[in-house]
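First up is the structure itself, then whatever we jot down about it.
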Amino acid sequence: LPFPRFPLPLPGIFPHCPPVPQTLSCSRGSCPGGPAGRMKLLENSSFEAINSQLTVETGDAHIIGRIESYSCKMAGDDKHMFKQFCQEGQPHVLEALSPPQTSGLSPGRLGKSQSGDEEGPLSDTCSRKTLFYLITTLNESFRPDYDFSAAKSHEFSREPSLNWVVNAVNCSLFSAVREDFKALKPLLWDAVDEEICLSECDIYSYNPDLDSDPFGEDGSLWSFNYFFYNKRLKRIVFFTCRSIR
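When we follow the numbering used here, the leftmost residue of the sequence shown carries the number 52, and every step to the right adds one.
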């Protein structure tokens, strides 16, 4: 069945496009409660407050979600790992992605990403450098329980529309928590926009096969993993959520 429609963001409704900030940050190796990490987790009190409302019992299911912000600025070790990842030192080589699961658009439709460096089929490619950021974000967010270093480009998709992603997220969360989501929805999207400037983002999703899906355990009802990547800010906001019985 098609997703029920919710009010979608219109041009200009996400006005927050911050300058590159001097944001307090930490790696999970230097912050309490986590092993050494490579991506820097950026502190965001709004996300912390929202995350407390994204983990709820609904009676029929358990909703577990979180939003995190990561810096893509690479330190010395990161640069070394990136060179190894690129093998031949070609970060702008395009990697083939799978068509998005949240759109009926033809994969042959041509377009250009918000970052301006990935022309071609709208949802079919990303640069190897961007793929490195996506995989490293997954590793940092799910460590030490999962290692995504062997993830392949076909497990990712580039989403063609902010409106579609917003609607898909809203639909999933509204179907799970109903009226409680109405108050949270504007706070959630305002906080994401404040952090990442949604109008400037390329949006990617992670859609793994069953063998490598961290949410593929018995009882899983649905899950999503979205990356909002702003090249200018050198930052990724990662939004992951699942529903389990």
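Heads up, the beta-carbon is just placed ideally off N, CA and C, and yes, glycines get one too.
C-alpha distance - A227 paired with I295, whole-angstrom precision: Reading the sequence shown from its first residue, position 176 is the one you call residue 227. Reading the sequence shown from its first residue, position 244 is the one you call residue 295. Distance between A227 and I295, taken at the CA atoms: about 10 Å.
Contacting residues, own chain, Cβ-Cβ under 7 Å from T109 (five flanking each side not counted): For this step, residue 109 is matched to residue 58 along the sequence shown. The answer, listed in chain order, is A227 and V228.
Extent of the continuous beta strand (DSSP E) run through C292: Start at 1 with the first residue of the sequence shown, and residue 292 comes out as number 241. C292 -> beta strand (DSSP E) spans R286 to I295.
Among N218, C248 and G270, the one whose alpha carbon lies nearest that of R28: Absent from the structure is residue 28, since the part of the chain shown begins at 52 and ends at 296.
Start and end residues, alpha helix (DSSP H) containing R117: Numbered from 1 along the sequence shown, position 66 holds the residue referred to as residue 117. Where R117 is concerned, there is no enclosing alpha helix (DSSP H), although the beta strand (DSSP E) it sits in stretches over H113 to S122.
Distance between K236 and T187 (C-alpha atoms, nearest Å): For this step, residue 187 is matched to residue 136 along the sequence shown. For this step, residue 236 is matched to residue 185 along the sequence shown. Computed Cα separation, rounded: 28 Å.
Sequence-distant residues of the same chain with beta carbon closer than 6 Å to L182, five excluded per side: The count along the sequence shown starts at 1 and reaches residue 182 at position 131. So the list reads E146 and S204, once near-sequence residues are dropped.
Helix, strand or coil at D253 according to DSSP, with G and I counted as helix: In the sequence shown, the residue the question calls residue 253 occupies position 202. If DSSP states are grouped into helix, strand and coil, D253 belongs with the strands.
Where the beta strand (DSSP E) through A91 begins and ends: Sequence index remark: in the sequence shown, residue 91 carries index 40 (1-based). Reading the sequence as shown, one finds Lys at residue 91 and not Ala. Run containing K91: K91 to L93, per the beta strand (DSSP E) assignment.
CA nearest to the CA of P259, picked from V220, D231, A202 and E230: Sequence index remark: in the sequence shown, residue 259 carries index 208 (1-based). Of the candidates V220, D231, A202 and E230, the one whose C-alpha sits nearest the C-alpha of P259 is A202.
Anticipated Cβ contact below 8 Å, I118 with F225, distance rounded: Taking the first residue of the sequence shown as 1, we reach residue 118 at position 67. Taking the first residue of the sequence shown as 1, we reach residue 225 at position 174. About 17 Å separates the beta carbons of I118 and F225, which is beyond the 8 Å limit, so they are not a contact pair.
Beta-carbon proximity check, E246 vs L93, cutoff 9 Å: Locating residue 246 in the sequence shown gives position 195, where the first residue counts as 1. Locating residue 93 in the sequence shown gives position 42, where the first residue counts as 1. For the pair E246 and L93, the CB atoms are nearer than the 9 Å cut-off.
Neighbour-count burial assignment, Q100, 16 or more Cβ in a 10 Å radius: Numbered from 1 along the sequence shown, position 49 holds the residue referred to as residue 100. According to the sequence provided, residue 100 is Ala. The question's Gln does not apply to it. Flag for A100 reads exposed.
Pair within 9 Å by beta-carbon distance, C137 and Y255: Position 86 of the sequence shown holds residue 137. Position 204 of the sequence shown holds residue 255. The Cβ-Cβ distance between C137 and Y255 does not fall below 9 Å.
Coarse secondary structure for Y277, derived from DSSP in three states: Along the sequence shown, read from residue 1 onward, the residue named residue 277 stands at position 226. The answer is strand: DSSP assigns Y277 an E or B state.
Delimiting residues of the beta strand (DSSP E) encompassing T176: Here residue 176 refers to the residue found at position 125 of the sequence shown. T176 -> beta strand (DSSP E) spans T176 to S178.
Unbroken beta strand (DSSP E) run spanning V107, endpoints: Stepping through the sequence shown from its first residue, residue 107 is reached at position 56. From DSSP, the beta strand (DSSP E) with V107 extends over T106 to E108.
Local Cβ density within 10 Å of P211, reported as buried at 16 or more and exposed below that: In the sequence shown, counting from the first residue as 1, residue 211 sits at position 160. P211 counts as buried, since at least 16 other C-beta atoms from the protein chains shown sit within 10 angstroms of its C-beta.
Environment of E206 [buried if 16+ CB atoms lie within 10 Å]: Working through the sequence shown from its first residue, we reach residue 206 at position 155. Burial call: buried.
S223, enclosing alpha helix (DSSP H) - first and last residue: The residue given as residue 223 occupies position 172 in the sequence shown. Where S223 is concerned, the enclosing alpha helix (DSSP H) stretches over L213 to V228.
Three-state secondary structure (DSSP) of A297: Given a span of 52 to 296 for the chain in the structure shown, any question on residue 297 remains unanswerable.
Contacting residues, own chain, Cβ-Cβ under 8 Å from S223 (five flanking each side not counted): Within the sequence shown, the letter at position 172 stands for residue 223. If we look at S223 and ignore the five residues flanking it on each side, its Cβ neighbours are W273, F275, C292 and S294.
Neighbourhood of L116 by C-beta distance below 6 Å, restricted to the same chain and skipping five residues each side: Taking the sequence shown and counting its residues from 1, the one referred to as residue 116 is at position 65. The sequence shown places Gly at residue 116, rather than the Leu named in the question. The beta carbon of G116 sits closer than 6 Å to those of L105 and C292, all from its chain and outside the five residues before and after it, given in chain order.
Three-way DSSP call (helix, strand, coil) for E147 in this model: The residue labelled residue 147 in the question sits at position 96 within the sequence shown. For the sequence presented, residue 147 should be read as Ala rather than Glu. If DSSP states are grouped into helix, strand and coil, A147 belongs with the strands.
Reference G270; option with closest CA among L148, F98, D111 and M90: One-based indexing of the sequence shown puts residue 270 at position 219. When C-alpha distances from G270 are compared across L148, F98, D111 and M90, the shortest belongs to D111.
Other residues of its chain near I114: CB distance less than 6 Å, five sequence neighbours each side excluded: The residue you call residue 114 lines up with position 63 of the sequence shown. Around I114: V107, A227 and S294.
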